Amino acid sequence: MDITIYASDVRNFDDEVERHFNVEEWFGQDLFDEDDRLSVDKYKYAIDHRTYLSIMIDMQEQIHDLRKQVELQKKWIKTTKEKEEWNGSMLK
Numbered sequence: 875m876d877i878t879i880y881a882s883d884v885r886n887f888d889d890e891v892e893r894h895f896n897v898e899e900w901f902g903q904d905l906f907d908e909d910d911r912l913s914v915d916k917y918k919y920a921i922d923h924r925t926y927l928s929i930m931i932d933m934q935e936q937i938h939d940l941r942k943q944v945e946l947q948k949k950w951i952k953t954t955k956e957k958e959e960w961n962g963s964m965l966k
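Just so you know, the numbering used here puts 896 at position 22 of the sequence shown, and the rest follows in order with no gaps.
This is how it looks when you write it as structure tokens:
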């Protein structure tokens, strides 16, 4: 078996690798939301399941949901603390 490698195959190899890891260049700007996070809301094409991209999008959605939960918990804690302070002032 003969393997032939041409100079054009390895020329700018680093640039080619970098370009392939650039998700925006490879899949387009529509894959990102207004906060530059991965989102399929505006994306027009299907994403294959079990690919690195679909896993990253799922993880981004989980992070977004967790942030919402943390903000809700912070509001609940603040409200509970305010209620406790108000009830404490009524007892004095």
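Every residue, glycine too, gets a C-beta built ideally from N, C-alpha and C.
Just so we're clear, the structure is a prediction, and the values are computed from it rather than from any experiment.
Burial state of Leu-940 is exposed, judged by a 10 Å Cβ sphere holding fewer than 16 other Cβ atoms.
Between the alpha carbons of Arg-911 and Gln-934 lies a distance of about 7 Å. Note: Leu-912 is bridge-paired with Phe-906 in the DSSP secondary-structure output. Sequence-distant partners of Ser-913 (beyond 5 residues in either direction) whose C-beta falls short of 6 Å from its own C-beta, in its chain, are Asp-907. Comparing alpha carbon positions, the residue from Thr-925, His-923, Ile-931 closest to Asp-915 is Ile-931.
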